[in-house]
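These notes concern the structure reproduced below.
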Amino acid sequence: MTGNLTPPSIAQSNRSLETVIQRVVQGTALVTGEAFFSALVENLALALSVRNCAVSKVLEDGQLQTLGFFRDGQLQENIAYSPISGPCGIVLTEEEEYYCPDGIQELFPNHPVLSTLEANSYVGVCLKTVDGKILGNLLVIDSHSILDSQLYKSILRIFAARAAAELERQETTLKLQQLNEDLELRVQHRTAELQATLQRLLQAQTQLVQSEKMSSLGQLIAGIAHEINNPNTLIVGNVSHVAHYTHQLLELIGCYQKVVPDPTPEIQQAIVACDLDFIRQDLPHLLGSMQTGSERIQELVCSFRNFSRLGESEKKVADLHEGLNSALVLLSHRLRPSTRRSEIQVIKRYGALPKIECCPRQLNQVFMNLLTNAIDAIDECVSKQSVDPLIQIYTAVVNRTIIIRVADNGVGIKQDLQKHLFEPFFTTKSNSAGTGLGLAISYQIIVTQHQGKLHCQSTEAKGTEFTIEIPIPLESTVGLVDT
């Protein structure tokens, strides 16, 4: 059959070449990306009037993966196949192309792809980069003979170069995308590292501020306690003697009045002028008030000392109820009635807590912060409340964990702000009344220093509850304290 056909003239071939090129160029000119390969094989198959046309790329394992596959007038799903023991294997070698006008299955018997495509003729050329790297192949397969090798090879070479350029462009784009993704990941990783570093710096700054603040506050409180305690000790030591002497003098005056019922007019006038009967009644009360005041001063001094804990080791066995009570004593002036509200009632529901080894000074700072925030939240309720202002303190031991809750019925905290409560320098207080360090410091003390937890539950306009959880070390079971 081959011998009965007359090859076309060179002029006819040139005209056919121009026609095919023009058609394929028009069909693929506006197409890029993965769609280009489908458009290429479709236009090539239709322009060359062949049943099959495919363009493939070489995978890492040596397999060929079709990028575009056109068969019998329709685009097909892309497939992967092995070039070994077939004409495509020859194309991917130094030969770089392979042409078989007819009888291809006789040359490659039992080849599954050729058998499936009912192949008789085959023309294939390789896709390669400018530097000679082979990327894949472009081929046409027909069930009839392909005799014009010059036309088909020329056409396939031209568009193989175009397909190679597109494939190389896509692979370059993919590499750039991968590089961009890698760069973005590196940037994200670096950003995360910087954020972590910033967080550590903020924590370090917070701890420095806390340390300086606690040191200054402790020295100030200790100094005040010392200066108050010295004269108060003198008062406390003498007031009992004054009371005793006063009682003796009043008895002496009573005895004198019995012995001398009618004193001289001058003495009688002096008794009336000084209102002796009132002095007899009021003087013991005055001395009792002085005694009560002196004891109150002693209580404040004791609270000051318990709060500051200066001169003591950083960690020691302590009673947490004692720290709570000391904080309440220090804040007692803020619990009193004001022009805007009635007195803040404090309800203490203390459970039996063991004395534990902890940092009492730091925990006292936490109690002070939470109670101060509770009072501030109540004071921020500018409208008249339907309920009396209230702070509740609850303590208990649950599963070897000390639970301390401080709840108020104040203004509450908005839901979207609660996640920021423990961030350094964040405050919900109005008019810049807060520094934003109190809760951040408290969080560090509870979580970092005592391996505990500090969390908040709040409902706007209803109140806030802070919960402290401190695990009890196995060795810290010094006894239960129920105050």
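Numbering-wise (the numbering used here), the sequence shown opens with residue 1 and increments by one.
The C-beta atom is built at its ideal place from N, Cα and C for all residues, glycine as well.
As the structure is a computational prediction, the values presented were derived from the model and not from experiment.
Take the Cβ of Ala192 as the centre, count every other Cβ of all protein chains shown within 10 Å, and call the residue buried at 16 or more, exposed below. exposed
C-beta contact flag for Leu67 and Ser56 at 8 Å: yes
Are Asn137 and Leu201 closer than 8 Å when you measure CB to CB? no
Report all residues from its chain with a CB closer than 8 Å to the CB of Ile21; omit the five preceding and five following residues, and keep chain order. Ile155 and Ile158
Quick one: what's Thr66 bridged to in DSSP? Ser56
Would you list the residues sitting across from Leu139 in a DSSP beta bridge? Ala54 and Gly124
With a Cβ-Cβ cutoff of 8 Å, do Val50 and Phe69 count as a contact? no
Which residue marks the beginning of the beta strand (DSSP E) containing Ser458, and which one marks its end? Lys453 to Thr459
Segment limits, alpha helix (DSSP H) that includes Thr464: No alpha helix (DSSP H) holds Thr464; the beta strand (DSSP E) holding it covers Gly463 to Pro471.
Does the distance from the CB of Pro389 to the CB of Arg341 come in under 8 Å? yes
Compute the Euclidean distance between the alpha carbons of Lys315 and Cys359, then round it to the nearest angstrom. 5 Å
Rounded to the nearest angstrom, what separates Val406 and Val272 at their Cα positions? 57 Å
Just the C-alpha distance for Ala377 and Asp277, rounded to the nearest angstrom, thanks. 51 Å
As an exercise, report each continuous alpha helix (DSSP H) stretch of at least 4 residues that is fully enclosed by the region 337-393, in chain order. 360-379
Does the distance from the C-beta atom of Leu135 to that of Glu184 stay below 8 Å? no
Short Cβ contact (8 Å threshold) for Ile393 with Val346: yes
Can you have a look at Leu44 and say buried or exposed, based on whether 16 or more other CB atoms are within 10 angstroms of its CB? buried
Proximity below 8 Å, CB of Val130 to CB of Lys153: no
If you drop the 5 nearest sequence neighbours on each side, which residues of the same chain put their C-beta closer than 8 Å to that of Pro473? Ile356 and Glu357
Boundaries (first-last residue) of the beta strand (DSSP E) holding Val406: Thr401 to Asp408
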